[in-house]
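Chains C and W, in that order, are what the protein sequence lines are.
Residue numbers are given in our numbering: position 90 of the first sequence equals residue 247, and the series is strictly consecutive.
Residue numbers are given in our numbering: position 568 of the second sequence equals residue 841, and the series is strictly consecutive.
For each residue, glycine too, the CB sits at the ideal point set by N, CA and C.
As the structure is a prediction and not an experimental result, all values here were calculated from the model.
Working notes, beginning with the structure itself.
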Amino acid sequence: MSKLGTLGARLHRGEIGYDFVGKRKLWYGISILITITAIVGLAVRGLNMGIEFQGGAVFTTEKTSISVSQAETYAEEASGHDAIVQKLGNGGLRIQIAGIDTGKSDQIKQELAKDLKVDAEKINADLVGPSWGDQVANKAWQGLAIFLVLVVIYLAIAFEWRMAVAALVALIHDITITVGVYALVGFEVTPGTVIGLLTILGYSLYDTVVVFDSLKEQTKDITKQTRWTYSEIADRSINGTLVRSINTTVVALLPVGGLLFIGGGVLGAGMLNDISLSLFVGLAAGAYSSIFIATPLVADLKEREPQMKALRKRVLAKRAAAAAKGESLEAPVVDERYDDEDREDDDATPAVVGPRAQRAQPSSRGRGRGRPSGKRR
Amino acid sequence: MPVRAGTSVTGRTKRENEKVAAPKKGRQGTQGRPGRTLALILIAIVALTGGMFASGHTTPRLGIDLAGGTSITLQAKNEPGQKNAINPTNMNTAVDIMNRRVNGLGVTEAEVQTQGESNIIVNIPKGTNSEQAREQVGTTAKLYFRPVLTTEVSGGDPAASPSPSASSSASTGSDKDSDKDKATDKATSSTTPSATSSTQGRAVTDALKADPTPSGSGSPSSSPSASPSASTDPATAKLQAQYTALDCSKKTVRAKAGDGVKASDPTVACGQNSQGQWQKYILGPAEVEGTDVDKASALFDTQGAAGWKVTMDFTSKGAKKFASITGKLAQNQSPQNQFAIVLDGEVVSDPFVSQALTGGSAEISGSFKQQEAEDLANMLSYGALPLTFTEASVTTVTAALGGEQLEAGLIAGAIGLALVIIYLVAYYRGLSLIAIASLLVSAVMTYVIMSLLGPAIGFALNLPAVCGAIVAIGITADSFIVFFERIRDEIREGRTLRPAVERGWPRARRTILVSDFVSFLAAAVLFVVTVGKVQGFAFTLGLTTLLDVVVVFFFTKPLMTILARKKFFAEGHSWSGLDPKRLGVQPPLRRTRRVSAPVDTKEA
Numbered sequence: 158m159s160k161l162g163t164l165g166a167r168l169h170r171g172e173i174g175y176d177f178v179g180k181r182k183l184w185y186g187i188s189i190l191i192t193i194t195a196i197v198g199l200a201v202r203g204l205n206m207g208i209e210f211q212g213g214a215v216f217t218t219e220k221t222s223i224s225v226s227q228a229e230t231y232a233e234e235a236s237g238h239d240a241i242v243q244k245l246g247n248g249g250l251r252i253q254i255a256g257i258d259t260g261k262s263d264q265i266k267q268e269l270a271k272d273l274k275v276d277a278e279k280i281n282a283d284l285v286g287p288s289w290g291d292q293v294a295n296k297a298w299q300g301l302a303i304f305l306v307l308v309v310i311y312l313a314i315a316f317e318w319r320m321a322v323a324a325l326v327a328l329i330h331d332i333t334i335t336v337g338v339y340a341l342v343g344f345e346v347t348p349g350t351v352i353g354l355l356t357i358l359g360y361s362l363y364d365t366v367v368v369f370d371s372l373k374e375q376t377k378d379i380t381k382q383t384r385w386t387y388s389e390i391a392d393r394s395i396n397g398t399l400v401r402s403i404n405t406t407v408v409a410l411l412p413v414g415g416l417l418f419i420g421g422g423v424l425g426a427g428m429l430n431d432i433s434l435s436l437f438v439g440l441a442a443g444a445y446s447s448i449f450i451a452t453p454l455v456a457d458l459k460e461r462e463p464q465m466k467a468l469r470k471r472v473l474a475k476r477a478a479a480a481a482k483g484e485s486l487e488a489p490v491v492d493e494r495y496d497d498e499d500r501e502d503d504d505a506t507p508a509v510v511g512p513r514a515q516r517a518q519p520s521s522r523g524r525g526r527g528r529p530s531g532k533r534r
Numbered sequence: 274m275p276v277r278a279g280t281s282v283t284g285r286t287k288r289e290n291e292k293v294a295a296p297k298k299g300r301q302g303t304q305g306r307p308g309r310t311l312a313l314i315l316i317a318i319v320a321l322t323g324g325m326f327a328s329g330h331t332t333p334r335l336g337i338d339l340a341g342g343t344s345i346t347l348q349a350k351n352e353p354g355q356k357n358a359i360n361p362t363n364m365n366t367a368v369d370i371m372n373r374r375v376n377g378l379g380v381t382e383a384e385v386q387t388q389g390e391s392n393i394i395v396n397i398p399k400g401t402n403s404e405q406a407r408e409q410v411g412t413t414a415k416l417y418f419r420p421v422l423t424t425e426v427s428g429g430d431p432a433a434s435p436s437p438s439a440s441s442s443a444s445t446g447s448d449k450d451s452d453k454d455k456a457t458d459k460a461t462s463s464t465t466p467s468a469t470s471s472t473q474g475r476a477v478t479d480a481l482k483a484d485p486t487p488s489g490s491g492s493p494s495s496s497p498s499a500s501p502s503a504s505t506d507p508a509t510a511k512l513q514a515q516y517t518a519l520d521c522s523k524k525t526v527r528a529k530a531g532d533g534v535k536a537s538d539p540t541v542a543c544g545q546n547s548q549g550q551w552q553k554y555i556l557g558p559a560e561v562e563g564t565d566v567d568k569a570s571a572l573f574d575t576q577g578a579a580g581w582k583v584t585m586d587f588t589s590k591g592a593k594k595f596a597s598i599t600g601k602l603a604q605n606q607s608p609q610n611q612f613a614i615v616l617d618g619e620v621v622s623d624p625f626v627s628q629a630l631t632g633g634s635a636e637i638s639g640s641f642k643q644q645e646a647e648d649l650a651n652m653l654s655y656g657a658l659p660l661t662f663t664e665a666s667v668t669t670v671t672a673a674l675g676g677e678q679l680e681a682g683l684i685a686g687a688i689g690l691a692l693v694i695i696y697l698v699a700y701y702r703g704l705s706l707i708a709i710a711s712l713l714v715s716a717v718m719t720y721v722i723m724s725l726l727g728p729a730i731g732f733a734l735n736l737p738a739v740c741g742a743i744v745a746i747g748i749t750a751d752s753f754i755v756f757f758e759r760i761r762d763e764i765r766e767g768r769t770l771r772p773a774v775e776r777g778w779p780r781a782r783r784t785i786l787v788s789d790f791v792s793f794l795a796a797a798v799l800f801v802v803t804v805g806k807v808q809g810f811a812f813t814l815g816l817t818t819l820l821d822v823v824v825v826f827f828f829t830k831p832l833m834t835i836l837a838r839k840k841f842f843a844e845g846h847s848w849s850g851l852d853p854k855r856l857g858v859q860p861p862l863r864r865t866r867r868v869s870a871p872v873d874t875k876e877a
């Protein structure tokens, strides 16, 4: 525990940290690989669409002594279609029959009730016409599209378009992964899954936005200093919010895990299970993407800006100069935030600042140094 | 040296204050009077809770999937050849009609509502014959115009019936026969306080005809007098027997009256007259069908004194039929000069006819209130509604399973909450007290508001909504994590707790607002766009996100400010979660940062 606290402190000071941005190519590669796998999985195996998307009926009985195979026979006799029967955690049966219309299912229900020797009124029935699932799904896609557009606009205004683009990529990435997992594992897709998937959007973005917020704050005056490049500051932002990201993800996953356990373990199957399963997958993907994909992507995009290119040049020049003088760059930069110092380095050209900075830093870490002429605000 | 560094850091603070210029007031407010803010929100909670108990709805209304019952989703389809029939007006008419039908079954609290553009949801609670309800809901409405053979007030309080009906119908009588011909003379307002019959007898007039004849009225009718007496034919006798036995004041009886009778056969039916009394009828075979009505609308008669009236236009086929029936009826005595507009076996109106109406259009006038006229027009239009409905999904949940699902949801929520609390305690120790208190406040508010929203906007807690609430635990807890991490970061920079709280808050606040906004946006879009179960989920998610902001601003922050003054937290007790040592604030670091101390005192 205290170790974690210390870890947090060290991350905060930048003593330790993972070079997320520097190693971005590796993570991009991994993500592309996962995405390709997901797409291939989707293309080859397809999604296991639930009864809600094909039309059909799901009957759930109370606790019964009738065996699964027996119930299957009954159901197939009654309907003339293939039936899938599962035993539920509470001893009941879940009987799925695809491809029947809502009118006929009543009759099937009556027959089943007779065969299974339970009261027809005590059988839960979920009868779905063939177009209902599509309607739900279509509306969901529509919602998704509107949401994406709005979010991109919002992020572009609140932050900047590069972040909006990066967030969008991360989001699509999350959805692809989740859908891919569903295709590969063969989980059933139900309206519950769709709900879960849509929630991931909000959640994944939530995480991304927190990192971006810290990034925005830290890079506010980035051009006024020459110690860090944009990528390095982006890295610090991720590392600085890492503890929070981990905590958030854990805290989000815990209730969802509870839902999954109860939904899957106790109720057998159903809405709770469907929602929580896709949430679980999506949340994990979302946490990954906001750290490994979204922010490095912003850094990548930012580094293409002429201003940032110039900054990078200045920073590198300064470091080269410092190195030439045999100074260790690492020591002074460890735990100092650049913005404590940025005024000293305001507008100064690298050539001038370089030597002066390294002269001053070892002793007083930039604080006790004389004012740079007239540059103080 | 420290001085100079000091100015440097102060410069930063100043800049930051500029950045948060607008909220600065609020910040100082909460900083200055955290107790007051806390008291305010606690009062608000107590008031809401009080409201909840006062309203008598102490639990959220449960959806079908948790309480048990049947939920039917009907999808509207345009009838062939009719485009754009799916519009809000038509859908609302359909909802009205279905509501009448389902509730006519004696179903308690069945609810019918539109969802999305083209769906109607019918929720029928448990304990009802769901089969019957489904049949009723699924079929197309049957609207017929049948001649009235006989009628009388049925059941209820027979003693009361003669006098009020006489007096009020006398007063309404003045409007009754008014006839408007826009081309010629208008509003030849009534002559006699006609038809003191027990019927609500509104006049049907031909919009093209000029002079009103107060018809066969004026008869001091005690209504049943004119009953088809001399009938010896067994079918008629049976009908007569049914009629005698019929007690329209009973809902269940009413629902069955005239069931299964073909349109071409006479039947018995019930209807409510303008005095709100139930009246029973023997009706002849249907002469005109609902599909013969082209359109119907309610309009306010600005020229005459008739007030609200309903106009109907018939199709060409309908016009012929209507002309023929009105021609026959006009020659009869009351009540046999009336025809009944029968919707799904219930008489919704029984206007009398003064002459053959051949113009292809007609209007029903009388002492309508606006609402009544619109309702009637709706019902008439429904016969011509170019929509058919198919069952998109039917979900029947037994009460047992519903209870089980509710229980599972609650257990899942409890487990989730417990896990989150355990994690928070393990990680944040003393700070978790604040988080737990805030979570509880959040939970109480969510519960109370959900309970209140049940009666207020018909919110029903269903399984996806429960899921949404559970998922929201994470979002709510996250706000605290953002805040706590900020505070700890400030402490790591060497600040003492109180300045750390005040400095950490504006930054944490912004992060919380931005991320909650995104979350709320997702919920709002989902709620507006999607259908079915997704909506319930989105609603809870949006609600809890809003509550999260409220709780963080008005509860967590003030509480944190107050607790920051307590020794336990301020001195960084090792169990407070704010122990500088545990947070990794090391002496060497302090030395390099000692300059911060004077700055903070300055700021504070």
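For the candidate residues the options, whose alpha-carbon lies nearest to that of residue i?
i	options	result
residue 652 (chain W)	W:325, W:362, W:690, W:723	W:362
residue 344 (chain C)	C:176, C:180, C:206	C:206
residue 179 (chain C)	C:234, C:457, C:328, C:413	C:457
residue 948 (chain W)	W:757, W:683, W:646, W:622	No answer is possible for residue 948 (chain W): it lies beyond the span of chain W, which begins at 274 and ends at 877.
residue 650 (chain W)	W:573, W:703, W:598	W:573
residue 589 (chain W)	W:566, W:570, W:685	W:566
residue 281 (chain C)	C:321, C:200, C:220	C:220
residue 189 (chain C)	C:313, C:331, C:357, C:317	C:331
residue 185 (chain C)	C:453, C:466, C:474, C:437	C:453
Would residue i count as contacting chain C if we go by Cβ distances under 7 Å?
i	result
residue 300 (chain W)	With a pLDDT of 43 at residue 300 (chain W), under the threshold of 50, the modelled position of this residue cannot be trusted; read the value that follows with caution. By this cut-off, residue 300 (chain W) is not an interface position.
residue 674 (chain W)	yes
residue 823 (chain W)	no
residue 344 (chain W)	no
Near residue i, what residues of its chain come up, given a Cβ to Cβ distance below 7 Å and the 5 sequence neighbours on each side ignored?
i	result
residue 796 (chain W)	811, 814, 815, 818
residue 409 (chain C)	360, 440
residue 175 (chain C)	396
residue 444 (chain C)	364, 402, 406
Between which residues of its own chain and residue i is the CB-CB distance below 8 Å, once the five residues before and five after are set aside?
i	result
residue 308 (chain W)	831, 835
Enumerate in chain order the residues of its own chain whose CB-to-CB distance from residue i is below 6 Å, with the five nearest sequence positions on each side excluded.
i	result
residue 311 (chain C)	none
residue 781 (chain W)	755, 756, 759
residue 235 (chain W)	Nothing about residue 235 (chain W) can be reported from this structure: the residues present for chain W run from 274 to 877 only.
residue 540 (chain C)	In this structure chain C extends from 158 to 534, so residue 540 (chain C) is not present and cannot be described.
residue 809 (chain W)	735, 737, 738
Using a Cβ-Cβ distance cut-off of 7 Å, determine whether residue i contacts chain W.
i	result
residue 297 (chain C)	yes
residue 283 (chain C)	yes
residue 279 (chain C)	yes
residue 175 (chain C)	no
residue 445 (chain C)	no
residue 438 (chain C)	no
residue 303 (chain C)	yes
Around the Cβ of residue i, are there at least 16 other Cβ atoms within 10 angstroms (buried) or fewer (exposed)?
i	result
residue 394 (chain C)	buried
residue 753 (chain W)	buried
residue 514 (chain W)	exposed
residue 350 (chain C)	buried
residue 762 (chain W)	buried
Should the stretch 589-603 of chain W be called in touch with the stretch 621-641 of chain W, which here means at least 3 C-beta pairs below 8 Å? yes
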